[in-house]
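Undergrad: Supplied in C-alpha cells, the structure appears directly below.
Numbering (UniProt numbering), first residue to last: 1 to 576.
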C-alpha cells in the first residue's frame, strides 16, 4: 500500500472531458432526475450479475424507454457516449465493432449487436447525473439577477477578458464543473452507496465501498506530487496519511465479508476540501500555458499594421504527464483572423483542441486528435485530422468543417457546412439554423494511418442521418438539409504530407460520385473542344489571356483569391 505524501499535498480536480463532450448542452430529460437515477442502481443490484458491476444496453433500453420514456435513439446516444469515455477499447476493437454494425442489414440485427455492449453501472449513473449540469434553474437565475432562467456561465472567456457572454458555454467552463461537483457531492456519493449499506436514519453514516469510489475516478482526478503524476482517487483515499480524513474502514480477517469502505460524510468533506480548479483545464492553460508560434499568413495587404491582431495559440503539453495525455493535453487557438494555419505535429497529436473566435481563416490541423471544440467562429474553414471522440460546434456562423470523427454535436450555429465521416449520427441540438450536411470529400496522404490510430474506419458513415435533440425541432421546418448534388465539389488540401493514401477514405456516396464524374467529363469535353478548334499561336495566347482574366475576376468575386494568397506558408511542421 502506498504511504508517501501527506494530506496537505493532496490535490483533486474535476475532469473536463466528460462535461465538455459527454454532457449534452441542453436541459436534460425531465425524468432524468436524481431519484430516478438512484432507482437504476437499486434495480441493477437486484438484477445481479447481469446488471452489476456492468449494465448491458438491453437492460438500459428497457429502463430508458419503458420507465423514463426516453426515445430509443436518445437512450442509445447516452449509452454509447458513456461507453466511449468510460471503456478503454483499443482502436482495432472500435473499428471491428463499427464494421460489424455496418454489416447488419436489419434493425433486429443492429439491436442484437447493441445488446452486447456493456458499461460500468456506477460510471453510467454518474454520467446520467452529469447531464443535470445544464438543467435550467429558476432559483439560480434569480440569485444571479437574471430576468429569465438561463444556463449562462460567468467564467472568463477564452480571450481572458473576464467578460461573461450572453450565450456562455458550460462545456468549456472549468469553474462551472467544479461548482457543480462541489454543490452536488452528497448526491453523487449517495448514488454510489450500496443499497444494503444505506443508513436511512442517518444517510451521512452510509458506507461507500472502495469499488464504488473508483467510479468517481470517471469524474475526478488527483495527485499527491503537484501533478508530476496522477493517481486514481481511490488510491489516494486509502493512503495512511489521509485515512483519518476519508472515513476509511479497513476490513479485518475475522470479518471475511467486510469490504474496504468509507463513511459518506467524512469522505464528502475530504473530497470537497481537496477540490481545486482543473489543473489541466482551459483556465490553467490560459494562465500558464506555453505559447505556440505556428506559422500563419494571409493578412489582408491593405489592412493597417496597427489593426492586425495575431491569434493566440497556447498549449499545456509541456506539463501533462505522458501517460495521461488523453483528455488532459490541450491546445487553444483563439482570435486567429484572416490567416491560414497548417499543422501536423507531435504537440498536436492526441490533443483536445479548443478553437475560439477565429474569423475569416483557414485552419488545417492534420494530426489524429482526441477531441475538438469550435466556438464562436465565423467565416472560417476548418479541416481536421480524425477525431477520436467528439467534435462540438457551438455558436458559429458560416463555418465549413471537414473531418472524420466518432461523434459530432452542433449547437446554436447557423449557415454552417459539415463534411463528415462518422460512424455515429450527428447530434443537432438547439439554436441551429441552415445547416448543410455532406459526405467527407477530401484526403491527405497520411489520413488512413491517422484514422487507424484513433479507431475510425470507413466502413460506416452516418453523416446524413442526424439525431435532433431538444424541444425546438419540427419535422415541417428542419434546421438541416443535405447538400444538393449540384453544389458538391471535392476538396483539395494544399499541403504536402507523407503517406500512402491517394483517395477519399471510403469513397463518395453514389449520387455525389456521379456528379463529380459528370463534371470531369464536361471538363474533358471542353479541353477537347479547345484542342480541336485549330487555333493558331496568337489566338491561343489571346484565348489564354481571356480565360485567365475571367478566372481572376471570378476569384475576386467569390473571395477565393484571398484563400489562394494566404497559402504562402510553410508546409505543416512535423516536429512541434
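Just so it is clear, CB atoms sit at the ideal spot from N, CA and C, and this is done for glycine as well.
Leaving out five residues before and five after residue 318 in sequence, what residues of the same chain have Cβ atoms less than 8 Å from its Cβ?
TA: These residues qualify, in order along the chain: 290.
Undergrad: Quick check on DSSP: helix, strand or coil for residue 48?
TA: The answer is helix: DSSP assigns residue 48 an H, G or I state.
Undergrad: Is it right to say residue 418 is buried, meaning 16 or more other beta carbons lie within 10 angstroms of its own, or is it exposed?
TA: By the neighbour-count rule (16 or more Cβ atoms within 10 Å), residue 418 is buried.
Undergrad: Beta carbon of residue 491, beta carbon of residue 374: below 8 Å?
TA: Not a contact, by the Cβ cut-off of 8 Å.
Undergrad: For residue 480 and residue 19, what's the separation of their Cα atoms in angstroms?
TA: Taking the straight line joining both Cα atoms gives about 26 Å.
Undergrad: Sorted by chain position, which residues of the same chain lie with C-beta nearer than 6 Å to residue 216's C-beta, five sequence neighbours on each side aside?
TA: Counting only Cβ-Cβ distances below 6 Å, and skipping sequence neighbours, we find 233.
Undergrad: What number of angstroms, rounded off, separates the C-alpha of residue 447 from the C-alpha of residue 499?
TA: So the two alpha carbons sit approximately 8 Å from each other.
Undergrad: Rounded to the nearest angstrom, how far is the Cβ of residue 17 from that of residue 371, given a contact under 8 Å?
TA: About 7 Å separates the two Cβ atoms, so the contact holds.
Undergrad: Counting only runs of 4+ residues fully inside the segment 61-112, write out the alpha helix (DSSP H) ranges in chain order.
TA: Runs of the alpha helix (DSSP H) inside the segment 61-112: 72-86 and 91-103.
Undergrad: Out of 333, 238 and 404, which has the shortest C-alpha to C-alpha gap to residue 376?
TA: It is 333.
Undergrad: Select from 32, 561, 41 and 452 the residue whose C-alpha is nearest the C-alpha of residue 198.
TA: Answer by Cα proximity: 41.
Undergrad: On the criterion of 16 or more Cβ atoms from any shown chain inside 10 Å, does residue 503 qualify as buried, or is it exposed?
TA: Result: exposed.
Undergrad: In chain order, what residues of the same chain lie with their CB nearer than 8 Å to the CB of residue 442, ignoring the 5 residues before and after it?
TA: The residues are 383, 402, 419, 490, 491, 492, 493 and 504.
Undergrad: Helix, strand or coil for residue 178, going by three-state DSSP, please let me know.
TA: Correct three-state label for residue 178: helix.
Undergrad: Run through DSSP, which three-state label would residue 130 get?
TA: Here residue 130 sits in helix by DSSP.
Undergrad: Is it right to say residue 523 is buried, meaning 16 or more other beta carbons lie within 10 angstroms of its own, or is it exposed?
TA: Answer is exposed; the Cβ neighbour count stays below 16.
Undergrad: Assuming residue 250 contacts residue 260 (C-beta within less than 8 Å), just tell me the rounded distance between them.
TA: Confirmed, about 7 Å.
Undergrad: Using a 10 Å radius around the Cβ and a threshold of 16 neighbouring Cβ atoms, would you call residue 560 buried or exposed?
TA: Its Cβ having fewer than 16 others within 10 Å, residue 560 is exposed.
Undergrad: Using the Cβ count rule (16 or more neighbours within 10 Å means buried), how would you classify residue 564?
TA: It is exposed - the Cβ of residue 564 has fewer than 16 other Cβ atoms within 10 Å.
Undergrad: Evaluate residue 304 with the Cβ neighbour count: other Cβ atoms within 10 Å of its Cβ, from every protein chain shown; 16 or more gives buried, anything less gives exposed.
TA: In this prediction, residue 304 scores a pLDDT of 44, lower than 50, which makes its location untrustworthy; the coordinate-derived value is nonetheless stated afterwards. By the neighbour-count rule (16 or more Cβ atoms within 10 Å), residue 304 is not buried but exposed.
Undergrad: Report the residue from 515, 28 and 468 whose alpha carbon sits nearest the alpha carbon of residue 487.
TA: With distances taken between Cα atoms, residue 487 lies closest to 515.
Undergrad: What span of residues does the beta strand (DSSP E) with residue 312 cover, start to end?
TA: Per DSSP, residue 312 belongs to the beta strand (DSSP E) from 312-315.
Undergrad: Are the beta-carbon atoms of residue 390 and residue 223 separated by less than 8 Å?
TA: In this structure, residue 223 does not lie closer than 8 Å to residue 390 by Cβ.
Undergrad: At 3 residues or longer, and completely inside the segment 444-493: list those beta strand (DSSP E) runs for me, N to C.
TA: Fully enclosed beta strand (DSSP E) runs of 3 or longer: 480-482.
Undergrad: Residue 556 by DSSP, collapsed to three states: which one?
TA: Correct three-state label for residue 556: helix.
Undergrad: Helix, strand or coil: which one does DSSP assign to residue 144?
TA: Note on residue 144: pLDDT 43, under 50, position unreliable in the model; no value is reported.
Undergrad: Which one of 51, 134, 106 and 43 has the shortest CA to CA distance from residue 30?
TA: The shortest Cα separation from residue 30 among 51, 134, 106 and 43 belongs to 134.
Undergrad: Would you call the CB atoms of residue 264 and residue 208 closer than 8 Å?
TA: Cβ distance < 8 Å, so residue 264 and residue 208 count as in contact.
Undergrad: Rounded to the nearest angstrom, what separates residue 355 and residue 349 at their Cα positions?
TA: If I take the Cα positions, the gap works out to 15 Å.
Undergrad: Mind checking whether residue 591 and residue 219 have CB atoms under 8 Å apart?
TA: The structure shown has nothing for residue 591, since the chain only spans 1 to 576.
Undergrad: Can residue 344 and residue 360 be called in contact, C-beta distance under 8 Å?
TA: The answer is no: Cβ separation not under 8 Å.
Undergrad: So, with DSSP's three-state summary, where would you put residue 264?
TA: Helix at residue 264.
Undergrad: Nearest CA to the CA of residue 323: which residue from 37, 227 and 425?
TA: For residue 323, the nearest C-alpha among the options comes from 227.
Undergrad: In chain order, what residues of the same chain have a beta carbon less than 8 Å from the beta carbon of residue 521, not counting five sequence neighbours either side?
TA: Within the same chain, residue 521 has no close Cβ partners at all.
Undergrad: Residue 330 and residue 316 look like a contact to me (Cβ under 8 Å); what is the Cβ gap, rounded to whole Å?
TA: Contact holds; Cβ gap of about 5 Å.
Undergrad: Could you give the residue range of the alpha helix (DSSP H) that holds residue 532?
TA: From DSSP, the alpha helix (DSSP H) with residue 532 extends over 510-532.
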